[in-house]
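There are 2 protein chains.
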Amino acid sequence: MFVSSTLFDMPDPTNPPERERTWQAGPVRVRVTLPKARRGDRPEPKERLTTERIVDTAMALMAEKGYDAVSMRSLAKALDTGPASLYQHVANRDELDQLVIDRIARRLEIPEPDPDRWDEQLKDVLRQMRDLFRDHPGSARAAMAQIPTMEGTMRAAEGIMAICVAGGISPQAAAWMCDLASLYVSAVGYEEALWAQRQNSTPAGEEPDHEAIDAEMVALWNQLPPELFPLLTRYSPELTAGDGHDRFEFAADVLVAGLAAVSEKYR
Amino acid sequence: MFVSSTLFDMPDPTNPPERERTWQAGPVRVRVTLPKARRGDRPEPKERLTTERIVDTAMALMAEKGYDAVSMRSLAKALDTGPASLYQHVANRDELDQLVIDRIARRLEIPEPDPDRWDEQLKDVLRQMRDLFRDHPGSARAAMAQIPTMEGTMRAAEGIMAICVAGGISPQAAAWMCDLASLYVSAVGYEEALWAQRQNSTPAGEEPDHEAIDAEMVALWNQLPPELFPLLTRYSPELTAGDGHDRFEFAADVLVAGLAAVSEKYR
DNA sequence: CCTGGGTTCGAACGGCGTTCGTGAATGCGA
DNA sequence: TCGCATTCACGAACGCCGTTCGAACCCAGG
């Protein structure tokens, strides 16, 4: 009824150039089944499930409808199967999250360390991380919901370490900075995801709309009782000033300047 | 069968001295029913449900068994009632989280700002916040799962603002620091809670055991493939050095020094 | 052609947050 | 003191969730 299927190895399609080494997983086995044309009504032979396909679909679903829309059940439905099927390829929900954020973190581009521009480079990496979380809505939630232990996550640490050490930061300070930086960036991403989810429960895949979020925050601050919070009231322009971007730039500045300042203390 | 009950107003038992103003909630109405002695077998008249009692129980449950052990159902069972009853006093799970972390944040003690010691004072507040999260396991999880908008949370901001401004930090930098600082501290608390939960699923209310957590982290770093992560391997002593406390002190140093460094830039 | 190991997946388990509707308790005006 | 309107308590149910069980199925090696 169907031509016989072929089985062959194929490089990881995620990040083609990065093929030198397979630390995490073996080569991906993809099974392609060519259906005899025009046999349309007969239920097509389902494409084989693979961890790849599962992670792909999870990311697509998360990008489209947010983290909470990705459950083992909804994911299975998107793959046109039952929830139990997923467990053959993914240990549990936790591991799925790990795989997703690992795949995302792999996109991080670590610049060639330049001692003269280490501070700008470090900020760039932070911005990149923030952007990755933004480009994959929901991923920050997944990142916070787990302890970072996989390859993609480690690349970020390796990169930060490289830049800092090149910049003359003491190894101890640089090492702890990896922690601090990635924790901060994921927290920002997580918080943004929360706001985005709350304010609208974004129905039709519209992007998070950071402006509306900021506006809502301003409104909240402005109705504080002045007797209880004199300073918050007095400085409410400053407290509500700037959007997420401005605040992030400020934080990046603080982190980098602070690192430079305390580096020697932790030599 | 029972003597008639009396009804009277009572000050909020949470924080007796702070009575000057009731912004959030009205006076608490407590109804005390004295059962006729020795009528023991008859089911005692259940104490009335109040938001207070619910929050108290939620905090106790969280402290004993962690955030995940607190569900509307388990909470109801602990209060010897059904889940539906809670909704008479608490809008939903989100609001419960808000109430809990608000109650906790209220314990924060803001020092009288001293311009000469603003940096130490700021670090103290950060430490205090961290300790509050630690003293109430699971609360950091609740804090991250919501957008901070309530009284207790605002007190932290007010305090940080006061210290910074007294220390000569520009209002704009101080304002954004409130954001940055509380985001960082809750992220730390959240991560600690995750580790604690993962490694053992702490059965019998034993405290989180930060040492074991740190040990597990060291083990993880030490099995990285050196070819892929040369720097992480080379500097693994630094990367795994120090416990949660050391890292927190480092972060506090970075934040405070960084704030001082960039303050003028954001005037 | 058989057989056995891996894959698929419907069904079910126990838990979740939340809502509905009933019935009891309560406080108030008469 | 007595109705009565209102508030409160709460069992039951709805529709989710992550995960497991076990039967059916596919297919490579004998």
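Protein chains in written order, with my numbering: chain D, 1 to 267; chain W, 268 to 534.
Cβ coordinates follow ideal geometry from the N, Cα and C atoms, glycine included.
Note that the structure is a prediction, hence the values are computed from the model and not measured.
Cross-chain neighbours of residue 438 of chain W in chain D, by beta carbon under 7 Å: Residue 438 of chain W reaches chain D at 235, 238, counting residues in chain order whose Cβ is nearer than 7 Å.
Contact with chain D by residue 414 of chain W, beta-carbon distance below 8 Å: The Cβ of residue 414 of chain W sits closer than 8 Å to at least one Cβ of chain D.
Cutoff 7 Å; reference residue 94 of chain D; Cβ partners in own chain excluding five residues on either side: In the same chain as residue 94 of chain D, and ignoring 5 residues on each side of it, the C-beta atoms closer than 7 Å to its own belong to 146, in chain order.
Inter-residue Cα distance where the pair is residue 435 of chain W and residue 513 of chain W: Taking the straight line from one Cα to the other gives about 28 Å.
Nearest-angstrom Cα separation, counted from residue 507 of chain W out to residue 484 of chain W: About 7 Å.
Residue environment, residue 533 of chain W, which counts as buried when at least 16 other CB atoms sit within 10 Å: By the Cβ-count criterion, residue 533 of chain W is buried, with 16 or more other Cβ atoms from all chains shown falling within 10 Å of its own Cβ.
C-alpha gap between residue 260 of chain D and residue 415 of chain W, whole angstroms: Their backbone Cα atoms lie some 31 Å apart in a straight line.
The stretch 354–368 of chain W in contact with the stretch 311–330 of chain W per 3-pair CB rule at 8 Å: The answer is yes - the stretch 311–330 of chain W touches the stretch 354–368 of chain W, with three or more Cβ pairs under 8 Å.
Spatially closest choice to residue 248 of chain D from W:491, W:462, W:499, W:445, by CA coordinates: Comparing alpha-carbon positions, the option among W:491, W:462, W:499, W:445 lying closest to residue 248 of chain D turns out to be W:445.
Sequence-distant residues of its chain with Cβ nearer than 8 Å to residue 442 of chain W (five each side left out): Scanning its chain for C-beta atoms nearer than 8 Å, with the 5 sequence neighbours on each side dropped, one finds around residue 442 of chain W the residues 428, in chain order.
Through-space distance from residue 76 of chain D to residue 253 of chain W, alpha-carbon basis: Lying before the first or after the last residue shown, residue 253 of chain W is absent from chain W, which here runs from 268 to 534.
Neighbour-count burial assignment, residue 134 of chain D, 16 or more Cβ in a 10 Å radius: Its Cβ being crowded by 16 or more others within 10 Å, residue 134 of chain D is buried.
Three-state class that DSSP yields for residue 489 of chain W in the structure shown: Helix.
From D:173, D:111, D:92, D:47, residue whose alpha carbon lies closest to that of residue 256 of chain D: In this structure, D:173 is the residue among D:173, D:111, D:92, D:47 with its C-alpha nearest to the C-alpha of residue 256 of chain D.
Proximity of residue 488 of chain W and residue 431 of chain W at Cβ, strictly below 8 Å: Against a cut-off of 8 Å, the Cβ pair of residue 431 of chain W and residue 488 of chain W comes out as no contact.
Segment contact flag, the stretch 70–87 of chain D with the stretch 121–133 of chain D, C-beta cutoff 8 Å, min 3 pairs: Three or more Cβ pairs closer than 8 Å define a contact, and the stretch 70–87 of chain D falls short of that threshold against the stretch 121–133 of chain D.
Three-state class that DSSP yields for residue 413 of chain W in the structure shown: Correct three-state label for residue 413 of chain W: coil.
Boundaries (first-last residue) of the alpha helix (DSSP H) holding residue 418 of chain W: In this chain, the alpha helix (DSSP H) harbouring residue 418 of chain W covers 418–433.
Residue of W:376, W:387, W:341, W:417 minimising C-alpha distance to residue 367 of chain W: Minimum Cα distance to residue 367 of chain W is reached at W:417.
Contacting positions in the stretch 345–370 of chain W - beta carbon closer than 7 Å to chain D: If the cut-off is 7 Å between Cβ atoms, the stretch 345–370 of chain W has nothing near chain D.
Distance, residue 235 of chain D Cα to residue 258 of chain D Cα: Cα to Cα, the separation comes out at about 24 Å.
Amino acids of chain D, ordered along the chain, whose beta-carbon sits closer than 9 Å to that of residue 389 of chain W: Here the premise fails: no neighbours, minimum Cβ distance about 12 Å.
Cα-Cα separation, residue 180 of chain D to residue 449 of chain W: One C-alpha to the other measures close to 14 Å.
Three-state class that DSSP yields for residue 88 of chain D in the structure shown: Residue 88 of chain D: coil per DSSP, three-state reduction.
Proximity test, residue 163 of chain D beta-carbon vs the ligand MG heavy atom, cut-off 7 Å: Among the components of this structure there are no ligands whatsoever, and the ligand MG is therefore not found.
Inter-residue CB distance, residue 373 of chain W and residue 422 of chain W (contact presumed, cutoff 8 Å): That belief holds up - the Cβ atoms of residue 373 of chain W and residue 422 of chain W are roughly 7 Å apart, short of 8 Å.
Within-8 Å CB hit, residue 332 of chain W to chain D: Cβ-Cβ to chain D under 8 Å: no for residue 332 of chain W.
Close Cβ partners of residue 500 of chain W (< 7 Å) along its chain, the five nearest in sequence each way excluded: Counting only Cβ-Cβ distances below 7 Å, and skipping sequence neighbours, we find 491, 493.
Proximity winner among D:60, D:184, D:243, D:251, relative to residue 211 of chain D (alpha-carbon distances): When each option's Cα is compared against that of residue 211 of chain D, the closest is D:243.
Of the residues D:132, D:80, D:153, D:123, the one placed nearest residue 192 of chain D, counting alpha carbons only: Distance from the Cα of residue 192 of chain D is smallest, within the candidate group D:132, D:80, D:153, D:123, for D:132.
Inter-residue spacing [alpha-carbon to alpha-carbon] between residue 139 of chain D and residue 336 of chain W: Distance between the alpha carbons of residue 139 of chain D and residue 336 of chain W is about 25 Å.
Collapsed DSSP secondary structure at residue 502 of chain W in the structure displayed: Looking at residue 502 of chain W - three-state DSSP - the assignment turns out to be coil, as it is neither helix nor strand.
Beta-carbon neighbours of residue 247 of chain D, restricted to chain W and to distances below 9 Å: Here the neighbours are 443, 446, 447.
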